[in-house]
């Protein structure tokens, strides 16, 4: 089921729920330049055992893209807004790359909302802008 939620700063986020209607929740957070569909395989695999929540981070997919800059605190608060809108008290969380960095903020600032986190291909800080410019030029 697809829906739109509005965050505390008025940004709209595209959210997709699948799997079990009730039970343990597994939330997925996408990487830079992707949307919730990057998790299609995982949603199919785990949907028989979990309530699956995927969402497009602000500026991605079906979510709105308000002017930046965006902070990991803001991205983390967006994830909490999704949980609150869906009335989810506690979840498992899986984030890839920037989604993993969002997960680090969540663990440090709202750890009580999570059973555990899987943070893949991520880092504890953003590389300098120059590195991104070099990648773009390649």
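Numbering (the working numbering), first residue to last: 1 to 138.
Don't be surprised by glycine CBs; every beta carbon is placed ideally from N, CA and C.
In its own chain, which residues sit with a C-beta less than 6 Å from the C-beta of residue i, not counting the 5 before and 5 after it?
| i | result |
| --- | --- |
| residue 7 | 78, 81 |
| residue 24 | 50 |
| residue 19 | 47, 50, 51, 52 |
| residue 140 | For the chain, the structure presents residues 1 to 138; residue 140 sits outside this window and is missing. |
| residue 26 | 46, 50, 52, 92 |
So, for residue i: in the same chain, excluding its five sequence neighbours on each side, which residues have a beta-carbon less than 8 Å away from its beta-carbon?
| i | result |
| --- | --- |
| residue 114 | 90, 91, 92, 93, 106, 107 |
| residue 116 | 92, 93 |
| residue 97 | 31, 32, 120, 121, 122 |
Quick one, which of the options has its alpha-carbon nearest residue i's?
| i | options | result |
| --- | --- | --- |
| residue 67 | 29, 112, 100, 11 | 11 |
| residue 120 | 31, 20, 26 | 31 |
| residue 85 | 55, 112, 43, 109 | 55 |
| residue 14 | 36, 100, 27, 118 | 36 |
| residue 76 | 61, 99, 124, 63 | 99 |
| residue 60 | 1, 29, 9, 43 | 29 |
| residue 39 | 58, 87, 17 | 17 |
| residue 63 | 118, 130, 34 | 34 |
Per DSSP, what kind of secondary structure is residue i in: helix, strand or coil?
| i | result |
| --- | --- |
| residue 12 | strand |
| residue 27 | strand |
| residue 115 | strand |
| residue 102 | helix |
Using C-beta distances below 7 Å, list every residue in its chain close to residue i, excluding the 5 sequence neighbours before and after it, in chain order.
| i | result |
| --- | --- |
| residue 73 | 105 |
| residue 3 | 15 |
Give the DSSP bridge partners of residue i, in chain order.
| i | result |
| --- | --- |
| residue 17 | 53 |
| residue 120 | 96 |
| residue 3 | 15 |
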